[in-house]
Amino acid sequence: MVRNVSDIYAMGGTPRWATLAMALPEEMQVNTFEGLLKGIKNCCSRYDLGVLGGDLSKAETTMLSMTVLGWPGQRTLRRSSARTGQKIYLTGPVGEAALGLYVLKSLKRPVRLEEGETLNIEPGWTVVEPLIRRACLPEVVPLPSSDGIGATIDISDGLGIDLWRLCTASGVGARIYWDRLPITEEMKALAEAFGLKLMEFVLSGGEDYQLLLTGDGLKEGFFEIGEVTTSGCEIVMSDGRAIELGPNRGYEHFRTL
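All residue numbers for the sequence shown refer to the numbering used here, where the first residue is 7 and numbers rise by one.
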């Protein structure tokens with residue numbers, strides 16, 4: 007549901023209603039079903055969504071299909087509207103959700119954040135908690151205005167692949183800079199503690215639901231990370247090396263087809 011809300015925000019719209027279809031196995035426990043409904047209800051409350059209806063049926067495995075509808079903004083923002091010379095911006099850090107998911111997989115158990123559960127884990131709960139929270143309870147925020155914005159896309163599959171998709175749709179190139187990316191101290195501390203390559207999580211980690219956009223003169227609430235070029239798609243590292251970005255830098259849903 008958050009993914010759908012993020013898609014509408016990325017186009018400058020306002021989400022308003024949702025439909026929900028559920029196919030559930032008959033052996034599903036009542037408390038599991040109630041937990042599922044609680045999560046849906048909390049998400050609807052957070053983003054002021056009304057559930058119009060949907061469908062409920064029996065199946066061998068759990069399947070959920072959600073659709074979010076909304077109102078368009080003052081103009082529709084698209085990923086195909088980037089122009090050479092525009093700046094490239096992010097609304098916040100990327101890679102947090104992937105790092106949080108890495109910790110969850112290493113724990114091999116859920117963490118009950120909504121119940122205030124804490125863990126004794128290196129490099130400290132204050133470092134780990136916001137990353138796990140981004141993975142489990144992601145929050146997305148709307149753009150304050152569409153003024154000065156060219157193209158937009160939400161970071162659901164990874165910064166590298168989603169920037170490449172924006173460039174491909176717009177027929178342009180891009181150059182971003184590692185030293186300009188909004189990387190938090192928590193991300194750095196966790197990567198160091200677990201011996202992880204932070205670059206892989208930042209460029210290829212998905213489901214942060216930050217917005218990537220191009221424009222001119224955007225300031226408050228945005229991080230300027232690069233510029234739109236005529237061709238190519240690359241990131242310049244701290245040592246000056248340029249690394250090509252493309253569909254291998256993120257999650258490609260139909261890569262094996």
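Using N, Cα and C, we set each Cβ at its ideal position, and we do this for glycine too.
Asked	Found
Three-state class that DSSP yields for residue 8 in the structure shown	helix
Alpha-carbon spacing of residue 158 relative to residue 120, whole angstroms	32 Å
C-beta neighbour in chain D for residue 248, strict 7 Å	In the displayed structure, chain D is absent; only one protein chain is listed.
Proximity to residue 88 [Cα-Cα], best of 10, 70, 9, 180	180
Residue 227 versus 236, 237, 216, residue with shortest Cα-Cα distance	216
For residue 147, the first and last residue of its enclosing alpha helix (DSSP H)	Unbroken run through residue 147: none, as it is neither H nor E.
Three-state secondary structure (DSSP) of residue 166	helix
Residue environment, residue 262, which counts as buried when at least 16 other CB atoms sit within 10 Å	Residue confidence for residue 262 is low, a pLDDT of 44 falling below 50, so the modelled location carries little weight; the figure read from the coordinates is stated next. Residue 262 is exposed by the Cβ-count criterion.
Member of 136, 177, 53, 14 whose CA lies at the smallest distance from the CA of residue 101	136
Buried or exposed by the 16-neighbour rule on C-beta atoms within 10 Å, applied to residue 98	buried
Candidates 76, 15, 9, of which the one nearest residue 149 by Cα	15
Exposure label - residue 39; buried when at least 16 CB within 10 Å	exposed
Beta-bridge partners of residue 93, as assigned by DSSP	221, 233
CB of residue 96 within 7 Å of CB of residue 229, strictly	yes
Nearest residue (CA-CA) to residue 10, options 72, 57, 37	72
Close beta carbons around residue 76, own chain, < 8 Å, minus the five adjacent residues each side	14, 19, 20, 21, 22, 23
8 Å contact criterion, which residue 127 and residue 106 should meet: CB distance rounded	That belief does not hold up - the Cβ atoms of residue 127 and residue 106 are roughly 12 Å apart, past 8 Å.
Same chain, Cβ closer than 6 Å to residue 86, neighbours up to 5 away in sequence not counted	175, 176
Under the three-state DSSP convention, the category residue 88 falls into	coil
Span of the alpha helix (DSSP H) around residue 40	36-52
7 Å Cβ cutoff met for residue 221 and residue 92	yes
For residue 28, the first and last residue of its enclosing alpha helix (DSSP H)	First-last for residue 28: 20-30, but that is the beta strand (DSSP E), not the alpha helix (DSSP H).
Residue range of the unbroken alpha helix (DSSP H) whose run includes residue 194	191-200
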